[in-house]
Every structure is written in structure tokens, then in C-alpha cells.
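**Student:** Mind having a look at this structure? Questions to follow.
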Amino acid sequence: MSNLKKVLYVDDEVMNLFLFENLLSNNFEIETTKNPEKGLEILKEDASFDVVISDMKMPGMNGLEFIKRAKEFYKNCPYLILSGYHKIPEIEEALEEGFISNFLQK
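Read left to right, the sequence shown gives residues 0 to 105 (numbering that gives the first Met the number 0).
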């Protein structure tokens, strides 16, 4: 069993998943998926994540929608949004309300 903090990263861009995992896997236990629905399944099956990071713009479900659904059953961890775009009003509002813990720009 690892003593590393466990991170779930959801992003529809496979290259981002690859880079994230390769750059951070020495310091964190990383699990990735390109599908937000799969991300929800992972969280339902494994309650040991310390942080969840999601891309904002993904087909089918954006990052805030993913987090809203995840928080229905997985509430006790920080959620972060990652985006190649500047903070949009939805992200600003989510930060102000404490819905997400932080915003990271790609």
C-alpha cells in the first residue's frame, strides 16, 4: 500500500493524461481517465482519493457537471478544475461558492 496522496485526473485529451501521470507519478498515486462517466465509476468503486482534478471542456459533460455529479456521493475531498481557457464566469462562481477548491490553467 502506497503512502502517496491519491489523485484522480479526468481529461478528454490523452496527451494531457499521459503528461500528468508521467510528471507527477513519483510524488502521487495517479489514476486517469478520458471519460467523465468512467471517472464517476472510479469514484464510486474507490473511496480513497485525496483530490480530484477535472478538465473543464470535455465532450458530453463539462468539468463542473462532472464534479456536481461526483459530489452527490463523494463529498470529502477537494475538487480542482483545469482549463486551457481563462476563468470563465461559471468557474469564478464555483470558486466563490466553494464548489471547487481551485482553478489551474493549462
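The beta-carbon is built from N, C-alpha and C at its ideal position, and this holds for glycine as well. Computed from a predicted structure; not experimentally measured.
Taking the beta strand (DSSP E) that Asn101 falls in, what are its first and last residues?
**Tutor:** Where Asn101 is concerned, the enclosing beta strand (DSSP E) stretches over Asn101 to Gln104.
**Student:** State the DSSP-derived secondary structure class of Glu28, mapped to helix, strand or coil.
**Tutor:** The answer is strand: DSSP assigns Glu28 an E or B state.
**Student:** Which residues in the same chain as Lys4 place their Cβ atom closer than 6 Å to its Cβ, once the five residues preceding and following it in sequence are excluded?
**Tutor:** Contacts found: Phe27 and Asp49.
**Student:** Suppose the cutoff is 8 Å on Cβ atoms and the five residues either side in sequence are ignored; what does the same chain contact list for Pro58 look like?
**Tutor:** Excluding positions up to five away in sequence, the list reads Asp11.
**Student:** Let's test the definition: count the other Cβ atoms within 10 Å of the Cβ of Ser47 and tell me whether it reaches 16, buried, or not, exposed.
**Tutor:** Per the 10 Å Cβ criterion, exposed.
**Student:** Consult DSSP for Ile41 and reduce its assignment to one of helix, strand or coil.
**Tutor:** Note: Ile41 maps to helix in three-state DSSP.
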